[in-house]
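Asks: Residue numbers for the first sequence follow the UniProt record's numbering, so the first one is 1 and each next one is one higher. Glycine included, C-beta positions come from ideal geometry on N, C-alpha and C.
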Amino acid sequence: MGDEELCNTGLALSIGQFVPRRDQQKNKHVVCLDLTIPLHPKQEANIDAECRSEGSSLKTVDEDEAQTSKNNKICGRKKLRLSKEQSTLLEDSFKIHSTLNTSQKQALAERLNLRPRQVEVWFQNRRARTKLKQTVVDYEFLKNCCESLSDENRRLKKELDELRSLKVEQPPFYIQLQKAATLTMCPSCENVVKAGGDGASDAAVKNVVQHEPKKTPSC
DNA sequence: ATCGTCAACATGCGGT
DNA sequence: ACCGCATGTTGACGAT
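1. Please report the straight-line C-alpha distance between Lys157 and Arg126, rounded to a whole angstrom.
2. With contact counted as at least three CB pairs below 8 Å, one residue from each stretch, are the stretch 154-169 and the stretch 125-142 in contact?
3. Pull up the distance between the alpha-carbon of Trp122 and that of Leu112, whole angstroms please.
4. Judging by CA-CA distance, which residue of Val168, Lys84, Ser165, Ser93 is the nearest neighbour of Glu120?
5. Start and end of the alpha helix (DSSP H) containing residue 221?
6. I need the boundaries of the alpha helix (DSSP H) containing Ser148, first residue and last residue.
7. Assign Leu80 to one of three DSSP states: helix, strand, or coil.
8. Write down the C-beta distance between Leu100 and Leu108 rounded to the nearest angstrom, noting that I regard them as a contact closer than 8 Å.
9. Let's test the definition: count the other Cβ atoms within 10 Å of the Cβ of Leu114 and tell me whether it reaches 16, buried, or not, exposed.
10. For the candidate residues Arg81, His97, Lys105, Arg117, whose alpha-carbon lies nearest to that of Thr130?
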């Protein structure tokens with residue numbers, strides 16, 4: 001049984017103390033008990049090592065913090081604040097590698113006087129914080145993109161409406177040319193007559209003299 | 001009293 | 001089966 005498991009059982013505990021564990025089903029803390037359980041020598045060795053490393057991790061904090069942490073340990077949940085030196089070293093390591101392999105984790109834990117599990121947890125939480133910050137940054141970026149695209153969309157719609165209103169007032173020049181090409185001159189009356197075309201063309205040439213077909217050969 | 005931060009933990013998932 | 005990681009939650013703690 002590793003010290004991780006020892007921690008997670010809620011019974012392994014420091015000698016003579018009970019570390020409350022969250023109730024597996026209900027996410028509640030079980031009652032704080034003061035038990036003294038005879039432990040296997042190996043377990044005691046593990047716990048001794050753990051207590052030593054935790055005790056030494058408090059060396060750089062002030063007396064109040066040390067006392068508080070001690071009280072927490074006795075009462076149950078161990079809540080330690082990392083010292084400034086520990087945080088700095090962890091941050092520096094994180095800048096180099098955002099993840100650690102087992103040996104790196106072990107080495108860093110030894111340098112920091114922390115348990116490898118604590119280093120592992122710190123890196124997991126640090127990655128989560130990094131991702132959260134990045135998500136916020138991404139969100140702001142995408143929001144700005146969305147806003148500028150909406151502005152552009154509004155501008156283009158407005159421009160399109162303006163162009164449509166202009167088209168109604170006066171057809172484009174190329175369309176007028178196209179209509180002109182469909183007109184011919186009647187040789188008999190010398191009026192411009194329509195030589196064919198579609199309905200749209202009819203509307204376009206309505207200002208042109210409508211030629212009543214006469215019974216002349218040319219028309 | 002309330003809120004934000006963060007260490008510690010639980011859980012689920014994918015890779016091996 | 002085991003491990004590492006992502007993600008969500010809890011609870012201690014400090015700041016206001």
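Replies: To lay it out plainly:
1. 46 Å
2. no
3. 12 Å
4. Ser93
5. Since the first and last residues shown for the chain are 1 and 219, residue 221 lies out of range.
6. 116-169
7. coil
8. 7 Å
9. buried
10. His97
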